[in-house]
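Shown next, in structure tokens, is the structure this report addresses.
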Amino acid sequence: MTVGKYKDFALQINNEEDEIKRWYDYIAEAKEIIRLEERLRTAEELIPYIDNTVAERKTKKRLYLPYLLPLFEAVLRGSLPAVPFVHVESSSQLGDKIAQLVRKFFSSPHSHIVPTSMKLQMDDFVYGIGIAKAVYKPLFILRYDQQRKYSDELKAEQLERIEKEHANPLSAQVAEDDMDDIHIENHLNYLDQVPLGTEEFEALRKHIYAHIARGMVFQTERFVLERIPPSHFIYDPTRPWHERAWEAELKIMRIKTLRQLHYRNVEPDNLEGLSPFTLKSNLKGAVPYEDMVAKIWDIHNFTTGERIVIPAENGRKLLHKGKWEYPEIDIYYPFVTRPFTHNPDQVHGLPTLQLAKPILDALATVEYYIREHIKRHPTIKIPMPKGMLTSVDKSKLNNPDLTTIELPPEVIANMHEIKSPPIPQSLIDYRQILLDQLRWIIGADPQDTGAPFPHRISATESSIRAGTHVSRLEDRRKTVGRMLQWAATTFLQLYRRFGQLQMTVKITDENGVSFQQIAPEDIPERIDLVVDIEAATKEAEAQRRETAIGVFNILKQATGVYPVDWNKAINWILRKFGIEDVSVFRANKPATGEIETAPISAGGAGGGLTGQSVGEVLTGATRKNLPEGASQWQNTQTSE
324 MTVGKYKDFA
334 LQINNEEDEI
344 KRWYDYIAEA
354 KEIIRLEERL
364 RTAEELIPYI
374 DNTVAERKTK
384 KRLYLPYLLP
394 LFEAVLRGSL
404 PAVPFVHVES
414 SSQLGDKIAQ
424 LVRKFFSSPH
434 SHIVPTSMKL
444 QMDDFVYGIG
454 IAKAVYKPLF
464 ILRYDQQRKY
474 SDELKAEQLE
484 RIEKEHANPL
494 SAQVAEDDMD
504 DIHIENHLNY
514 LDQVPLGTEE
524 FEALRKHIYA
534 HIARGMVFQT
544 ERFVLERIPP
554 SHFIYDPTRP
564 WHERAWEAEL
574 KIMRIKTLRQ
584 LHYRNVEPDN
594 LEGLSPFTLK
604 SNLKGAVPYE
614 DMVAKIWDIH
624 NFTTGERIVI
634 PAENGRKLLH
644 KGKWEYPEID
654 IYYPFVTRPF
664 THNPDQVHGL
674 PTLQLAKPIL
684 DALATVEYYI
694 REHIKRHPTI
704 KIPMPKGMLT
714 SVDKSKLNNP
724 DLTTIELPPE
734 VIANMHEIKS
744 PPIPQSLIDY
754 RQILLDQLRW
764 IIGADPQDTG
774 APFPHRISAT
784 ESSIRAGTHV
794 SRLEDRRKTV
804 GRMLQWAATT
814 FLQLYRRFGQ
824 LQMTVKITDE
834 NGVSFQQIAP
844 EDIPERIDLV
854 VDIEAATKEA
864 EAQRRETAIG
874 VFNILKQATG
884 VYPVDWNKAI
894 NWILRKFGIE
904 DVSVFRANKP
914 ATGEIETAPI
924 SAGGAGGGLT
934 GQSVGEVLTG
944 ATRKNLPEGA
954 SQWQNTQTSE
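Written out as structure tokens, the structure reads:
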């Protein structure tokens with residue numbers, strides 16, 4: 324095909340509407356390749372098997388029992404039993420600080436590490452993939468009041484500066500005596516006139532953030548692991564994950580929030596407003612447009628390094644186009660335990676629930692016939708010649724409260740007992756086979772879930788089964804560990820790039836426990852760390868204690884032959900038993916210094932553990948540009 328003919332087939336991008344259409348085509352093609360609609364329909368059919376609402380369906384000759392959810396819960400509990408250990412390859416002191424910082428992130432209830440990990444595994448069970456996202460969320464207050472009044476002369480001087488900055492946004496700088504509220508208001512109004520995606524747009528946008536950052540007093544910073552619904556994340560499926568050309572997240576946001584983020588073209592004719600209660604069109608107009616929600620695609624174009632925001636449907640104009648805020652930081656992660664697909668470049672795996680469905684259907688059939696057998700033969704039967712029992716005698720036989728019954732001798736002589744036939748062995752055996760297969764599919768060995776095997780398997784076979792179960796559990800923990808390793812690395816990268824506050828970490832060494840501080844600039848650019856889930860299990864803890872006792876016995880026997888520093892040795896042994904502050908056992912406990920904290924001044928420039936102003940370091944240029952939307956997260960304004 325010649326170049327001319329190729330251009331006839333290629334999509335020509337002449338305006339914003341053409342660009343939006345191109346992204347709609349990319350997303351639609353990606354959905355078809357990963358069979359997203361088929362996966363969602365299958366998941367909708369399979370989810371009733373988890374909550375057992377499938378039992379409410381009018382199915383013939385099937386009886387569904389809630390086998391699935393308890394098995395899932397057993398596997399989930401074993402995959403992440405506790406906050407994992409973190410090992411960092413760095414200098415010993417810095418490595419310990421970074422490792423404790425990561426454990427602090429993981430242990431914080433605000434990080435949502437454990438609940439999000441469980442949800443990701445459930446998504447993998449149902450959809451064949453779970454999408455994780457690492458998010459930086461600062462909590463701050465603003466020092467300036469936007470309603471402040473200025474003299475006409477001062478305001479005219481500020482407006483003159485602003486006009487010069489608008490004339491050349493690339494050279495705009497924040498001066499020490501700039502009135503931030505005046506600059507922010509005028510810059511935002513002018514920003515709407517600058518073409519999206521241009522150098523001038525990016526320069527003025529960063530300049531506005533520098534003004535905003537001068538008034539921020541950071542109180543705390545949080546790093547959160549979030550779950551993205553599999554239906555809300557699309558990626559380039561034509562290449563391996565690490566080489567993907569683009570990714571897109573479907574977000575549902577309030578119209579008011581989109582306008583606070585200064586997105587363009589947030590109007591009803593370009594962005595449809597939906598009811599926040601039903602996520603459907605607000606036909607009756609009961610909700611104002613500002614209070615409605617809208618669906619948008621937040622797109623990251625790796626080839627150009629751009630962030631593009633478009634309406635999810637029927638859009639004609641871009642909502643936003645600018646630089647991606649997280650260069651070289653991969654904030655999304657695909658969690659997959661069964662990476663089997665027909666397309667080798669496709670990240671989506673095989674849903675475990677899809678494999679379990681035929682087993683559950685077969686089990687329901689077996690359970691139905693077992694129930695029918697019990698219905699037909701619920702108890703023993705007493706046959707006797709017809710007409711020998713009166714109605715009174717029958718009522719006495721059926722009365723459970725009577726311990727003795729008087730009957731004529733001829734009736735007693737003709738009484739016999741017919742026991743109920745047992746449940747057919749074929750049904751019992753087939754049921755056991757299906758239960759075993761279900762446990763294997765889910766990842767829980769039958770004997771480890773309490774399944775009875777009386778005199779049917781040998782000790783050797785039981786040992787082999789136990790070893791196989793441990794191996795499968797270790798593989799699953801390694802998969803979860805790789806996801807947490809990505810989360811830890813990404814949290815550190817986000818802290819290094821966007822962090823403003825120093826963090827306090829607890830360090831335990833041979834001298835006991837001390838509290839030290841670590842700053843964002845202390846984090847190296849490249850970090851090699853390992854997240855060890857196995858080390859956090861009870862079995863590993865018992866092994867560490869047993870090893871500590873063994874080391875103690877060896878050192879005790881080596882007294883006089885091998886010089887031993889018993890202070891360090893005993894400290895090390897006690898830490899293996901979870902006792903961190905070993906100094907409490909010493910006869911002469913050394914005095915421990917108090918942690919010094921610098922108070923925050925009225926302007927917020929004091930720093931310290933509880934707050935820190937970034938106004939001074941951001942004067943003239945933004946030291947660390949906050950990610951999109953950070954200034955909208957839980958901030959309140961206070962006047963000086």
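Using this note's numbering, the first residue of the sequence shown is number 324, and each one after it goes up by one.
Don't be surprised by glycine CBs; every beta carbon is placed ideally from N, CA and C.
Keep in mind the model is a prediction, meaning the values are calculated, not measured.
Relative to the Cα of D504, the nearest Cα in the group P518, I531, N491 belongs to I531.
For M806, the CB contacts under 8 Å within the same chain, skipping 5 residues up- and downstream, are S440, L443, A455, Y656, F658 in chain order. Cα atoms of L417 and W895: separation of roughly 20 Å, rounded to the nearest angstrom. The shortest CA-to-CA distance from I705 to any of V670, I741, S714 is the one to I741. Membership of H510 in the alpha helix (DSSP H) is indicated by the continuous run 503 to 514. The C-alpha of R545 lies about 45 Å from the C-alpha of L878. In the structure shown, the three-state DSSP call for K384 is coil. Below 8 Å, enough C-beta pairs join the segment 608 to 624 and the segment 567 to 583 to call them touching: three or more. Taking the C-beta atoms as reference points, R587 is found nearer than 8 Å to L519. Assigned with DSSP and collapsed to three states, L757 falls in helix. Three or more Cβ pairs closer than 8 Å define a contact, and the segment 365 to 372 meets that threshold against the segment 445 to 460. Per DSSP, W564 lies in no alpha helix (DSSP H) and is assigned neither H nor E. Taking a 10 Å sphere around the C-beta of P560, we find 16 or more other C-beta atoms and assign the residue as buried. In the three-state DSSP reduction, N894 falls in the helix class (H, G or I). The beta carbon of H643 sits closer than 6 Å to the beta carbons of Y586, V632 from its chain, once the five residues preceding and following it are set aside; these are given in chain order. Take the alpha-carbon of Q516 and the one of E352: they are about 34 Å apart. CA-CA distance, Q840 to Q755, rounds to 57 Å.
Under a 10 Å Cβ-count criterion, E862 is classified as exposed, with fewer than 16 other Cβ atoms of the shown protein chains found around its own Cβ.
A straight line joining the alpha-carbon of Y513 with that of H489 spans about 8 Å. Cβ-Cβ separation between P599 and V610: approximately 7 Å, consistent with a contact (criterion under 8 Å). The DSSP-derived three-state label of S431 is coil. Between A687 and I765, the alpha-carbon positions lie close to 17 Å from each other.
Distances from the CA of N637 to each of N338, A736, K344 were compared; the closest alpha carbon is that of K344. Non-local C-beta neighbours of L796 in its own chain, meaning closer than 7 Å and more than five positions away in sequence, comprise G401, ordered along the chain. In this structure V409 touches V854 by the C-beta definition: roughly 6 Å separates them, less than 8 Å. At the C-beta level, E412 and D845 stay beyond 8 Å of one another. Taking C-beta separations shorter than 8 Å and ignoring five residues to either side along the sequence, the partners of L477 in its chain run M502, following chain order. Beta-bridge partners assigned by DSSP to V828: Q839. H739 counts as exposed, since fewer than 16 other beta carbons sit within 10 angstroms of its beta carbon. The three-state reading of DSSP puts Q542 in strand, counting E and B together.
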